[in-house]
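One structure is given below, encoded as structure tokens.
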Amino acid sequence: MSLTHLDSQGRAHMVDVTDKAVTFREAVAEARVRMLPQTLALIQQGGHPKGDVFAVARIAGIQAAKKTHELIPLCHPLLLTGVKVELRAEGEDCVHIEARCKLAGQTGVEMEALTAASIAALTIYDMCKAVDRDMTIESVRLLEKLGGKSGHYQREGEPT
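In UniProt numbering, the protein residues as written are 1 to 160.
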């Protein structure tokens, strides 16, 4: 096994995908933001002074997926055909974020999905930090990947 972003001399380089087939590719990632129950209640009741926290975080996640190549040096710029960011309360003190990215292309969209979930979580933190500085962003991880040479990956123990 070798790292694809290193050449034979160990120098960083962008992977050449010129000869790879264009195939359908999809990735799903998640993140969670733990917070005080009062903070989550404020978000859910629409009483946050900065506005609809979930709507702003959703847009931030979508924008981040589209700009992943500008944030992570060796990522290819991709023509995403679909980005979906879903946010929901989980219990009394957590927001669960799920980001799904799709395209027909020559390279995968795992980094785009992970970036979308991460930036949505950071946006929640930014919008709510004035009322809850103890929030914790956790469990940023890839759940599933479809397409490409390596085929289907699904994190063990996760539903389909």
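Ideal Cβ placement from N, Cα and C applies to all residues, glycine included. In this text the structure is predicted, and so the values were computed from the model without any measurement.
- Excluding sequence positions up to five before and after Glu92, its CB lies within less than 7 Å of the CB of Pro37 and Leu40, all in the same chain and listed in chain order.
- Within its own chain, the residues whose Cβ lies closer than 8 Å to the Cβ of Lys149, once the five positions on either side in sequence are excluded, are Lys20, listed in chain order.
- Boundaries of the beta strand (DSSP E) around Cys94: Cys94 to Gly105.
- Remark: C-beta atoms of Lys102 and Val109 approach each other more closely than 9 Å.
- Collapsing the DSSP output to three states places Thr136 in a strand.
- Judged by DSSP secondary structure, Arg58 falls within the alpha helix (DSSP H) whose first and last residues are Val53 to Lys66.
- Proximity of the segment 55-74 to the segment 112-127 meets the contact definition, three or more beta-carbon pairs being nearer than 8 Å.
- In chain order, Thr68, His69 and Met111 place their CB closer than 6 Å to the CB of Cys75, counting only its own chain and leaving out the 5 sequence neighbours on each side.
- If the five residues before and after Val22 are omitted, its C-beta is found closer than 8 Å to the C-beta atoms of Ala104, Gly105 and Gln106, all from its own chain and listed in chain order.
- Arg88 and Ser139 have their C-alpha atoms spaced approximately 15 Å apart.
- With a cutoff of 9 Å on beta-carbon distance, Arg100 and Ala27 are scored as near each other.
- Taking the C-beta atoms as reference points, Val56 is found no nearer than 9 Å to Tyr125.
- Note on Lys129: under 16 other CB atoms within 10 angstroms of its CB, so exposed under the neighbour-count rule.
- Residue state for Leu80 is assigned as coil, using DSSP reduced to three classes.
- Between Ile62 and Ala117, the CB-CB gap reaches or exceeds 9 Å.
- Between Val17 and the set Val85, Val83, Leu78 and Tyr153, the nearest pair of CA atoms involves Leu78.
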